[in-house]
Structure formats: C-alpha cells, structure tokens
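If you're matching positions, the sequence shown starts at 912 in my numbering and goes up one per residue. Ideal Cβ placement from N, Cα and C applies to all residues, glycine included. Heads up, the thing below is written out as structure tokens.
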Amino acid sequence: MPKIKDIPEVDRPREKLLKKGSNALSKTDLLAILLSSGIKGINVQTLAKTIITKFNKDFLNITIDDLLAVKGIGQAKALQVYSAVALIKRFYQEQNSTDLIIKNVQNVLTLAFDIRDKKKEHLICLHLDSRNAPIKKETLSIGLLDKSLIHPREIFSSALKNKAANIILIHNHPSGNPTPSRQDKQVAKNIGKAGQIMGIALLDFVIIAKNGHNSFYQELKHNKTIDYMGDGFQMGIFDQFETKKSIYKNEPKFTFIDLFAGIGGFHLAASNLGGKCVFASEFDENARKTYQANFLKHNKDLFYSGNFAGDITKVDEKNIPNFDFLFAGFPCQPFSVAGYR
C-alpha cells in the first residue's frame, strides 16, 4: 500500500487544496485532510475512501460508534470526524434559523432535517416567540416515545424559562413510516391541553421519517398549504381538536355565506335562526376588525380556517365552501369593490 509521500505532490490532498481550492478535491480528499494520517498498512486516502463509501448519504448522521467500527479508526480520529460533522450541522442550523419565521410545516422541516434518519426515536421541542421566530430547539427525549414519560411540566417549565409564546413538537420515526401512532396522538392531546392552560399554544406536532412527514395541524385543517397564522389569527392544535368536536356536536340548521359583511348584521340574524356562517368577505379594514370582534368567540372555525376574505374578487370560487343561503350586505353591487369589476 503506497504511502502519501509516495504519491506525486500534485495529487496529494493538502497540496491540491492549497493550489486549486476545495472545489478541486473529492469528498475522500477532504476527509483525508481531516483524518491527517492513516495506520500501518492503510494510507489516509484509503481510510477516508472506506468511510465515505460505507456511510455515503448517511455521513451527516454518523455516530462515534459507527466510526469506531471502521478498521483503522481509533477514539481520537472518531472524535475528530464526529466533532467536525457536528460543527457543520450547528452552523447550518444557525444560518437557516436567522430571522426565520415559522409560517408552516415546511419551515419546521428545515430545522428538523438532522433527526430524520436517526436510528432512535427523538422528541424535539421548538420554542417560538410571538412572531413564531425560533428561540431554542431542545431535545426532550431519546428512545421510545412514552406518554407516561413525557410530562407537560418538563416541556412548559423550559418554555416559560425561554419566554416562548408557542411551541412545536417534532418527532422522528426510524421505521420510515410517518403515520402517527396511538402514543403520538395521546402525547399531542396531553401537551396541547396543558398548553392551553399555560397560555403557550402547541401549534403543531410534526412527525418526520424517510418516507415523508405528518403534521397534526395540516390534518386538522384538511389543507396542505395553510399557514400557522393567517389574517392575524393563530390556533393551537388543542383548540382545533375542540373546534372539530364541536362541529359534530352542534350541527347547524343551515349554512350561509356573508358577502360585503360590514360589521355582521346578517350574520347575527342568521345565527340566531340556527344558521352557521361558513364564509364571509369584507374589504373595509375597520369593518373587518369589528366583525372579528363580534363573532370570533362564537365562530372560530370561520376565521381560523381562512374563510374570512378581504376582496371577494380575488377569491377562487373553488375555495368557497358549500352553503345553503347567500347574504350580501349594502353596498352590494354598484357601490362595492366587486361591482366595479
């Protein structure tokens, strides 16, 4: 086995890096520089190639035990490589979280890539401020997710300490299947209920795996694109559980939509007759604020589902729910925004 000094200087990793830059080096060359030296009978490039070939796409999730299992890697070299990988991941995470606002599950996934391929189950808590900007990402447990071991006290004591306004739980499934288990659902309900009492909303419980992801928030919304906050409203998943239950407990006599809603005269009258408003529109900002103040408490689903629109002319009719009656307030046609178009 040739030694590094026997390789032409132009092909040696260090010399190549100095003369041509990192883009001219292979992953094997870069790792060889990090390892610095090989062992008797195995030069450093061969050792580096063995590691790259063995772990390939899983390299960023490599563990110290994985490295120690490679012939020629002792504790010192294992710690050297593992620390370098951890440092890269730390910088990547901080760079991607700077000024990041968590608007939807896609933003959550960018902060959770590091646990997707973990061989053990991890439960992560993402602490957010009132704008949904990340404050801290905390590992709560490693191993099987057990609802009896995940106590709200530990979760919310840390959230309070970090002055979090909202939290998101992130959990990986090593099996590759992102479907929530019964334990997952129970943990989500328990933490969501505790969050409502504490005044810190559990916005979502996201499960990630090799074969995809699952968001409790998206499932409850029946909408894969809706953001956590829309038109200034935000609802934790416990509130959504309750809203979903109330929909089936209190079936309305009829449904209606309220166009050019004003401050809600038609809404009030129709609601008193047993109807439920499933869609409304009002373009005047002052009227919108009054309408929200009047009906948010009694019809949360209207606002949290994104069905309180501004300019009706910008709404695709496919996004308007089915209804029994349509009410349109004054000014309705020639004096309305829609009437001019």
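Looking at the strands, I want to know which residues DSSP matches up with residue i.
i: G1186; result: F1165
i: D1115; result: I1079
i: A1120; result: G1123
i: S1192; result: A1220
i: L1170; result: A1239
i: I953; result: I950
Buried or exposed: where does residue i fall if 16 or more other Cβ atoms within 10 Å of its Cβ makes it buried?
i: G1175; result: buried
i: S1059; result: Because the pLDDT of S1059 is 46, which lies under 50, any placement of that residue in the model is unreliable, and the question is left without a value.
i: H1124; result: buried
i: L1237; result: exposed
i: A1199; result: According to the sequence shown, residue 1199 is Arg rather than Ala. It counts as buried.
i: H1178; result: buried
i: K931; result: exposed
i: N1183; result: exposed
i: I953; result: exposed
i: I999; result: exposed
i: N1233; result: exposed
i: L1113; result: buried
i: H1084; result: buried
i: Y1159; result: For Y1159, the pLDDT reaches just 40, beneath the cut-off of 50, and the residue's location in the model is therefore unreliable, although a value from the coordinates is still provided. So Y1159 ends up on the exposed side.
i: C1243; result: Residue confidence is low: C1243 scores 47 on pLDDT, short of 50, so the model does not pin down where it sits. Its coordinate-derived value is still stated next. Burial call: exposed.
i: D858; result: Absent from the structure is residue 858, since the part of the chain shown begins at 912 and ends at 1252.
i: D1222; result: exposed
i: Q986; result: exposed
i: K1132; result: buried
i: D1227; result: exposed
i: L929; result: exposed
i: Q1017; result: exposed
i: A980; result: exposed
i: F1002; result: exposed
i: A1023; result: buried
i: A997; result: exposed
i: A1180; result: exposed
i: A995; result: exposed
i: P924; result: buried
At least one CB of chain D closer than 7 Å to the CB of residue i: is that the case?
i: E926; result: Reference to chain D is not applicable here, since this structure consists of a single protein chain.
Which residue comes first and which comes last in the beta strand (DSSP E) that contains residue i?
i: F1238; result: 1236 to 1239
i: S1052; result: 1045 to 1053
i: I1035; result: 1033 to 1039
Would you mind giving the Cβ-Cβ distance between residue i and residue j, rounded to the nearest angstrom? I have them listed as a contact below 8 Å.
i: H1033; j: A1075; result: About 19 Å separates the two Cβ atoms, so there is no contact after all.
i: A874; j: A959; result: Nothing about residue 874 can be reported from this structure: the residues present for the chain run from 912 to 1252 only.
i: G1217; j: E1193; result: So it is not a contact: roughly 14 Å between Cβ atoms.
i: F1214; j: G1186; result: With 8 Å as the limit, F1214 and G1186 do not qualify as a contact, their Cβ atoms being about 17 Å apart.
i: R1027; j: I1119; result: 5 Å
i: I963; j: K938; result: 5 Å
Do residue j and residue i come within 7 Å of each other at the CB atom, strictly closer than that value?
i: I950; j: G983; result: yes
i: I973; j: F966; result: yes
i: S1127; j: A1099; result: In the sequence as displayed, the identity of residue 1127 is Phe instead of Ser. It is a contact, given that the beta carbons lie within the stated cut-off.
i: K1121; j: G1087; result: yes
i: R1042; j: I1012; result: yes
i: A1239; j: F1190; result: no
i: L946; j: K988; result: yes
i: D1138; j: N1015; result: yes
i: I1111; j: P1063; result: no
i: L978; j: V955; result: no
i: C1188; j: N1210; result: yes
i: F1116; j: L1071; result: no
i: K1030; j: I1053; result: no
i: F1165; j: M1109; result: no
Can you tell me where the alpha helix (DSSP H) holding residue i begins and where it ends?
i: S1069; result: 1063 to 1072
i: Y1202; result: 1196 to 1206
i: Y1139; result: From DSSP, Y1139 is part of no alpha helix (DSSP H); its letter is neither H nor E.
i: I1174; result: Counting along the chain, I1174 falls outside any alpha helix (DSSP H), and DSSP gives it neither H nor E.
i: A943; result: 938 to 946
i: D977; result: 975 to 979
i: D1212; result: 1211 to 1215
i: E1228; result: Unbroken run through E1228: none, as it is neither H nor E.
i: G949; result: Looking at the DSSP string, G949 is not in any alpha helix (DSSP H), and its letter there is neither H nor E.
i: K927; result: 924 to 931
i: A935; result: First-last for A935: undefined, no H or E at that position.
i: L1022; result: 1016 to 1022
i: D1095; result: 1093 to 1109
Nearer than 6 Å: is that true of the beta carbon of residue i relative to any heavy atom of the ligand FAD?
i: E1228; result: As for the ligand FAD, it is missing from this structure, which has no ligand bound.
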